[in-house]
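Okay, so here's the structure we're looking at.
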Amino acid sequence: FFEPSQFVITDIRGGLEVTNVTPGMVKLMFNVRNSTATTPEDIEAFVAKNFEGLKYDFEFKPSSKPFMTNPKSKVVKKIRDSIKRVTNIDTKLSTAGGTSDARFFGEYGVATVEFGVINDTIHAPNENTSIKEVQALYEVFKDLIKEF
């Protein structure tokens, strides 16, 4: 279900924003989109290997741990059944959504499923969804509560 872990550079800074001064340092910020197969030690080893020979300071701030809800759990089955009944769509399980508040439940082993509107404009300018999507979401959740 998980894509391979990805090292994503999110910010690079250096210099004084002038053209006649050589920067004395550079600041590189990155995010690791990681799967359940990647440990914090793996990330630290990756950085050490790829920055070998450079003088650098490394500050590691893990914001969440990846988790996986059992695809055969009751909550997964029930939400898939509700989606099918309401929308007539056969769902595909995916971990493509990124970090979310589900991580707080997953940390305690609580079976967690995320389901929402189509997010093709997520984090984009003019992020939006249709009223039809919200209504379908409402109907699926209503069905899920009734059937659970």
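Mapping to the working numbering: the sequence shown position 141 is 142, numbers consecutive.
No residue lacks a Cβ here, since even glycine has one placed at the ideal position from N, Cα and C.
Limits of the alpha helix (DSSP H) - the one that residue i falls within
{"i": "residue 90", "result": "Looking at the DSSP string, residue 90 is not in any alpha helix (DSSP H), and its letter there is neither H nor E."}
{"i": "residue 127", "result": "Per DSSP, residue 127 belongs to no alpha helix (DSSP H) and is neither H nor E."}
{"i": "residue 141", "result": "132 to 148"}
{"i": "residue 48", "result": "41 to 51"}
Buried versus exposed call for residue i [16 or more other C-beta atoms within 10 Å across all chains shown]
{"i": "residue 84", "result": "buried"}
{"i": "residue 144", "result": "buried"}
{"i": "residue 19", "result": "exposed"}
{"i": "residue 123", "result": "exposed"}
{"i": "residue 81", "result": "buried"}
{"i": "residue 70", "result": "buried"}
{"i": "residue 9", "result": "exposed"}
Cβ-based neighbour list, residue i, same chain, cut-off 6 angstroms, excluding 5 preceding and 5 following
{"i": "residue 118", "result": "130, 134, 138"}
{"i": "residue 107", "result": "68, 113"}
{"i": "residue 110", "result": "none"}
Contacts around residue i, its chain only, beta-carbon distance under 8 angstroms, and the 5 residues preceding and following it disregarded
{"i": "residue 15", "result": "24, 26, 27, 28"}
{"i": "residue 53", "result": "none"}
{"i": "residue 41", "result": "61, 63"}
{"i": "residue 141", "result": "80, 83, 84, 87, 88, 116"}
Identity of the residues DSSP links to residue i by a beta bridge
{"i": "residue 12", "result": "30"}
Chain-order list of residues whose beta-carbon lies under 7 angstroms from that of residue i (same chain, five-residue window excluded)
{"i": "residue 12", "result": "30"}
{"i": "residue 6", "result": "33, 34, 35, 36, 39"}
{"i": "residue 86", "result": "144"}
Segments assigned beta strand (DSSP E), at least 3 residues, entirely inside the segment 63 to 121: none
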